[in-house]
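S.K.:
Numbering (my numbering), first residue to last: 16 to 1216.
The following block contains the structure:
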């Protein structure tokens, strides 16, 4: 039923890193669970969960038993408690798409408004001033465009779901493992997985072909980390389930906690053959993990589908709306109210007009079909329909094309194309481009987003001498390690001087330095095709052992009590006497070995703070003190370069001293109580009077351009928060490396944050003003502050409504965090990431952007206003749930500062101009009503009304929305301060909207009354209604055209063509609609017979039109020039005042000493495999031993269904 670990020779191994399983009872710093981030839940919650009654019962190979459990769904209707493994993340299905999409679309007030007008036109055709189809066709077009966009997005989700649900897996059916699909799995099913398989559901590991049923998993698609972690089956299932028949007859029952989102935590027990066996997270394989370096493993499904922990953390699909969309919804309501009020006022004028007419002209017989009240009501509806064009539907249709065009520009931008992976940027959502120009907070993952998760050996200091990498072009062109047959060729560190010293083999300190790196570790090695592959507990350890390997000290093999090293071509076997592993308290690792010559040496590596205090106190020689001082200086230098440092030391142990220590060590190992404390004390005894060898410096490589991108974004007033599940020291080190943190920045820790919040609550004063301060908190600390994050919205800050202490602290914490220059949240779960984003959105009312690359970032990406997924080696789940896809973090700079700012500026200018030109034309209808007896008679020709927004002014508007630029893309990147305008909503707000209304109203007043005044009491070409309407049409069209000429800043050939063709369309269509041929066909449809030709034939009509255009253009132009001049003067004065304030007014700061940043690797390093190695658990058995055998000669191999 599987292959032996040794059968068929050595298997293929990859360079992955291992980390041990997590003990839910003891969580040392650095421990990491299989599919999630480190613990961030409070211990109290874990204790409550342990005390809770387990209500989740799953029996192996018994679907009938599992299906009997029901849960209440609605009223008396019950459904199965245990979900299937099929998932649906899409919003719509075949039946729900149309009703649900229409429901969402008519949540937009503009769509509801247009539908109301169309209903009026259809129900009362006799009062309609325009045909009903003039609004119905554009509305259908608008709904169709948005529906197609939503459908395309949802089809992508369906395809993703189908791909996942139809992945193959091997499920036990009867006594054979058959090839099934993920969607066929249910709780209780037994599944067989092979190397590189993805775990289809949360499963209990039953057995594997590895020693002691270990199973190695990679969580790249869960948390973005490529280092391996191991899980281990229970001893009872490891020995009891050895054949297919034994698995087919397995009737064990797992009793555990209900499905939850705590990915790091699991508690339950297995009931089998009358006994109970405790289970924890170290026995569980979570959905989404990938099996690595394990031939075969077997598991039992516990949670399936949406009950799995990763799906519980994914969150729901949110309908994302931009700030401008929400503002436009409010403006539509305002315009609707305005139209109704104006219509009522004009209807009141009609009422008075009719009564006055009947009073004066009582002798005229009544010709009204309806009563006065009914007629007045019809006039009211007529005015509402006539003035409904003040909210033009063409504006919303054009906006959709503008959004689409700007999204295409993002896809086409070669500056955001990543050639190594052939990945361009991709706008997966077309409706959020404008919001890219208003982002205030960026929430970023660390691993895989800011960093490459690649550790490289950068520098070292040996015996006080620093060895730095040399320039490639200055040293040697070929690989300097060709002399070493075991060199892997991947080491980028080059130093000819050090290499020469190593090869000469005369410097004892250099020899012991590399020997320590080759011996003092818990790395496992595998040989395949004469090549060595290392598996390390952390990427740092692999980098150190690989460096030693390239310099001639090659770690070849290990057994339970020995380690084999090839030293400059000579194979040496060291007897391992004791291994003292890393943990969060010791911050160091030591190995006690006996050399082949018989002497005993202790090799130690760890943090400088713990190594230096254990050095030999009496430096007899001056050189020893000099070496220590030089090493400390190198430590400081490496720390300033944000390198991860590690101190190395050793000493010779005398035989008598070792025998005495060994006796105490053996006694401590067999203690039943306080064993860990006793061992720690024994280790402390031997790790004294060390001799310093040197230090290593590891670089956690950032992605290209990350520091420059963060600095540029900070200049644009965009705050960057890092939300990571990694350890605090590692995250802080990366914070310095990417220049999110600086040396002169104060760091607020959790105790200081608590003190500030308590003082704030007691005094009720404002929070202290903090300058150059960063905040670093853990997930456990945040959990206490976010208990009410999912609760109802809080009252405003000025409200007198009492708030609970938790809610108050929550608000105060967010305000304090937002005052800081940078915030780093460590060891947070995916759900906590989303809650942090939700809190900032809730209290700060800002646009948020979340960026990540792993499945653990999906919830955060969905919660933020804008989600950006990075495509890479960590999987595509983040991309599939994102709004934008990028290949590198550095492209975020161009996405926001160029495309985002341009999109925001274009859409704002487009909206302002569209509102202006619509009111400039349509407000004339109101003024005309005073001279038409308030009869709702339209002034313009029907074809002009229908085509004004659709044809005569469309091209310039489209040009503004697609191609307008105030500055070039290079200037946008050089001047990130320009981005602040979008954050403050400066380009489109209520004041800008009021300006557009005022400007349009003034334009309409000038055009109407100037034309009316000049033509008053003159018998001429504009004394009739049609001629007057034609002059008004042309005056309005040319006035709005001059306005668009003034506001466009980026002139190209397209600009000239857009304006030219717009005017040509007017001339051609007007001549055609006023032709004699169309008039003879339908006089009622084309009543304006040659009116324009007759009017323009008179010379003073063009002069009148030019006068109207000049009066509308020249004052506005003069006002803008004067305003800009005054604005520049005001800005200069403000800058001078700010400089004076900075020099004179001191800012209250929180006094703190900047934190030391040495040995971040040692502080963050997690416990390795010392116990497994010394116990022999991880060691392989001899070849030819196959644990899993079958009575049917491996009939359990994959059979086709």
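All C-beta atoms, glycine included, are put in the ideal place defined by N, C-alpha and C.
Are the region 271 to 279 and the region 305 to 314 touching by the rule of at least three beta carbon pairs closer than 8 Å?
M.R.: With a cut-off of 8 Å, the region 305 to 314 and the region 271 to 279 do not count as touching, because too few Cβ pairs lie within range.
S.K.: If the criterion is Cβ atoms closer than 8 Å, does the pair residue 227 and residue 247 meet it?
M.R.: Walking along the chain shown from the start, residue 227 turns up at place 212. Walking along the chain shown from the start, residue 247 turns up at place 232. Taking 8 Å as the Cβ cut-off, residue 227 and residue 247 qualify as a contacting pair.
S.K.: How many angstroms separate the CA atom of residue 59 from the CA atom of residue 684?
M.R.: As a first step, residue 59 must be located in the chain shown, where it is residue number 44. As a first step, residue 684 must be located in the chain shown, where it is residue number 669. In this predicted model, residue 59 has a pLDDT of only 40, less than 50, meaning its place in the structure is not dependable; the value taken from the coordinates is given anyway. Near 31 Å, if we compare the C-alpha coordinates of residue 684 and residue 59.
S.K.: Going straight from the alpha carbon of residue 2 to that of residue 698, what length do you get?
M.R.: There is no way to answer for residue 2, as the model of the chain reaches only from 16 to 1216.
S.K.: Contact between the region 1087 to 1099 and the region 1113 to 1129 is defined here as three or more beta-carbon pairs at a separation below 8 Å; is this criterion met?
M.R.: No, the region 1087 to 1099 is not in contact with the region 1113 to 1129.
S.K.: Name the DSSP beta bridge partners of residue 958, please?
M.R.: Counting from one through the chain shown, the residue named residue 958 turns up at place 943. Its beta-bridge partners do not exist; DSSP assigns none.
S.K.: Exposed or buried, which one is residue 474 when buried takes at least 16 other CB atoms within 10 Å?
M.R.: The sequence position of residue 474 within the chain shown is 459, counting from 1. Answer is buried; the Cβ neighbour count reaches 16.
S.K.: At which residue ranges does the region 513 to 575 contain complete alpha helix (DSSP H) runs of 4 or more residues, listed in the order of the chain?
M.R.: Taking only runs of at least 4 residues, the alpha helix (DSSP H) segments lying wholly in the region 513 to 575 are 523 to 534 and 554 to 565.
S.K.: Report yes if the C-beta distance between residue 315 and residue 186 is below 8 Å; otherwise report no.
M.R.: As a position in the chain shown, residue 315 is number 300, starting the count at 1. As a position in the chain shown, residue 186 is number 171, starting the count at 1. In this structure, residue 186 does not lie closer than 8 Å to residue 315 by Cβ.
S.K.: Taking 8 Å as the cut-off, does the region 494 to 509 touch the region 561 to 570 (at least 3 CB pairs, one atom from each stretch)?
M.R.: Touching, yes.
S.K.: Please confirm whether residue 1101 and residue 1088 have their CB atoms less than 8 Å apart.
M.R.: Along the chain shown, one-based indexing puts residue 1101 at 1086. Along the chain shown, one-based indexing puts residue 1088 at 1073. In this structure, residue 1088 lies closer than 8 Å to residue 1101 by Cβ.
S.K.: For residue 450 and residue 719, I'd like the C-alpha separation in whole angstroms.
M.R.: In the chain shown, counting from the first residue as 1, residue 450 sits at position 435. In the chain shown, counting from the first residue as 1, residue 719 sits at position 704. Approximately 26 Å, taken between the alpha carbons.
S.K.: Are the Cβ atoms of residue 166 and residue 898 separated by less than 8 Å?
M.R.: In the chain shown, the residue the question calls residue 166 occupies position 151. In the chain shown, the residue the question calls residue 898 occupies position 883. No, the Cβ-Cβ distance between residue 166 and residue 898 is not below 8 Å.
S.K.: Sorted by chain position, which residues of the same chain lie with C-beta nearer than 6 Å to residue 328's C-beta, five sequence neighbours on each side aside?
M.R.: As a working mapping, residue 328 is identified with position 313 in the chain shown. Excluding positions up to five away in sequence, the list reads 276, 845, 846 and 874.
S.K.: Among 1041, 1110, 949 and 1131, whose alpha-carbon lies nearest the alpha-carbon of residue 364?
M.R.: As a position in the chain shown, residue 364 is number 349, starting the count at 1. Selected option, being the one with the closest Cα: 949.
S.K.: Can you tell me whether residue 460 is helix, strand or coil according to DSSP?
M.R.: Within the chain shown, the letter at position 445 stands for residue 460. Coil at residue 460, not helix or strand.
S.K.: Starting from residue 1049, follow the alpha helix (DSSP H) in both directions and report where the run begins and ends.
M.R.: Taking the chain shown and counting its residues from 1, the one referred to as residue 1049 is at position 1034. Start and end: 1040 to 1062.
S.K.: Can you have a look at residue 127 and say buried or exposed, based on whether 16 or more other CB atoms are within 10 angstroms of its CB?
M.R.: Looking up residue 127 in the chain shown gives position 112. So residue 127 counts as exposed.
S.K.: Between residue 862 and residue 543, is the Cβ-Cβ spacing less than 8 Å?
M.R.: Residue mapping note: residue 862 aligns to position 847 of the chain shown, counting from 1. Residue mapping note: residue 543 aligns to position 528 of the chain shown, counting from 1. No.
S.K.: Going by DSSP in three states, residue 102 sits in which element: helix, strand or coil?
M.R.: For the purposes of this step, residue 102 is taken as the residue at position 87 of the chain shown. DSSP places residue 102 in coil when its eight states are reduced to three.
S.K.: Assuming residue 313 is part of the beta strand (DSSP E), what are its boundary residues?
M.R.: Working through the chain shown from its first residue, we reach residue 313 at position 298. 311 to 318 is the extent of the beta strand (DSSP E) around residue 313.
S.K.: Could you check what DSSP says for residue 485 in three-state terms: helix, strand or coil?
M.R.: If you number the chain shown from 1, residue 485 lands on position 470. Residue 485 falls in the coil class under three-state DSSP.
S.K.: Less than 8 Å between the C-beta atoms of residue 753 and residue 717, yes or no?
M.R.: The residue given as residue 753 occupies position 738 in the chain shown. The residue given as residue 717 occupies position 702 in the chain shown. Their beta carbons are under 8 Å apart, which means residue 753 touches residue 717 by this criterion.
S.K.: Less than 8 Å between the CB atoms is what I'm expecting for residue 506 and residue 565, so what's the real figure, rounded?
M.R.: Here residue 506 refers to the residue found at position 491 when the chain shown is read from its first residue. Here residue 565 refers to the residue found at position 550 when the chain shown is read from its first residue. With 8 Å as the limit, residue 506 and residue 565 qualify as a contact, their Cβ atoms being about 4 Å apart.
S.K.: Contact defined as beta carbons within less than 8 Å: I believe residue 408 pairs with residue 153. What is the distance between those atoms, to the nearest angstrom?
M.R.: As a working note, residue 408 is residue 393 in the chain shown. As a working note, residue 153 is residue 138 in the chain shown. Their Cβ separation, rounded to whole angstroms, is 4 Å, which keeps residue 408 and residue 153 in contact under 8 Å.
S.K.: With 16 as the cutoff for other CB atoms within 10 Å, does residue 825 come out buried or exposed?
M.R.: For the purposes of this step, residue 825 is identified with residue 810 of the chain shown, where counting begins at 1. Classification of residue 825: buried, given that the 10 Å Cβ count is 16 or more.
S.K.: With H, G and I counted as helix, E and B as strand and the rest as coil, what does DSSP make of residue 590?
M.R.: Indexing the chain shown from 1 puts residue 590 at position 575. Strand, per DSSP.
S.K.: Taking a contact to mean a Cβ-Cβ separation below 8 Å, would you say residue 916 touches residue 993 in this structure?
M.R.: The sequence position of residue 916 within the chain shown is 901, counting from 1. The sequence position of residue 993 within the chain shown is 978, counting from 1. Contact: yes.
S.K.: Just the Cα atoms here: how many angstroms apart are residue 726 and residue 170?
M.R.: Within the chain shown, residue 726 is the residue found at index 711, counting from 1. Within the chain shown, residue 170 is the residue found at index 155, counting from 1. One C-alpha to the other measures close to 38 Å.
S.K.: Assuming residue 319 contacts residue 456 under a Cβ cut-off of 8 Å, what Cβ separation, rounded to an integer in Å, is found between them?
M.R.: Position 304 of the chain shown, counting from 1, holds the residue named residue 319. Position 441 of the chain shown, counting from 1, holds the residue named residue 456. Wrong, their Cβ atoms sit about 36 Å apart, outside the cutoff.
S.K.: List, from N- to C-terminal side, the alpha helix (DSSP H) runs of 4 residues or more that fit wholly inside the region 641 to 701.
M.R.: DSSP runs (the alpha helix (DSSP H)) wholly in the region 641 to 701: 670 to 684 and 690 to 701.
S.K.: Which of the three DSSP states, helix, strand or coil, is assigned to residue 111?
M.R.: Mapped onto the chain shown, residue 111 falls at position 96. It is coil, neither helix nor strand.
S.K.: Need the endpoints of the alpha helix (DSSP H) that residue 78 sits in, please.
M.R.: Residue mapping note: residue 78 aligns to position 63 of the chain shown, counting from 1. 78 to 82 is the extent of the alpha helix (DSSP H) around residue 78.
S.K.: Exposed or buried, what is residue 453 when buried is set at 16 or more other beta-carbons lying within 10 Å of its beta-carbon?
M.R.: For the purposes of this step, residue 453 is identified with residue 438 of the chain shown, where counting begins at 1. Result: buried.
S.K.: Rounded to the nearest angstrom, what separates residue 592 and residue 838 at their Cα positions?
M.R.: Position 577 of the chain shown holds residue 592. Position 823 of the chain shown holds residue 838. Rounded to the nearest angstrom, the two C-alpha atoms are 45 Å apart.
S.K.: Can you tell me whether residue 88 is buried or exposed? The criterion is at least 16 other CB atoms within 10 Å of its CB, across all chains shown.
M.R.: Residue mapping note: residue 88 aligns to position 73 of the chain shown, counting from 1. With fewer than 16 other Cβ atoms within 10 Å, it is exposed.
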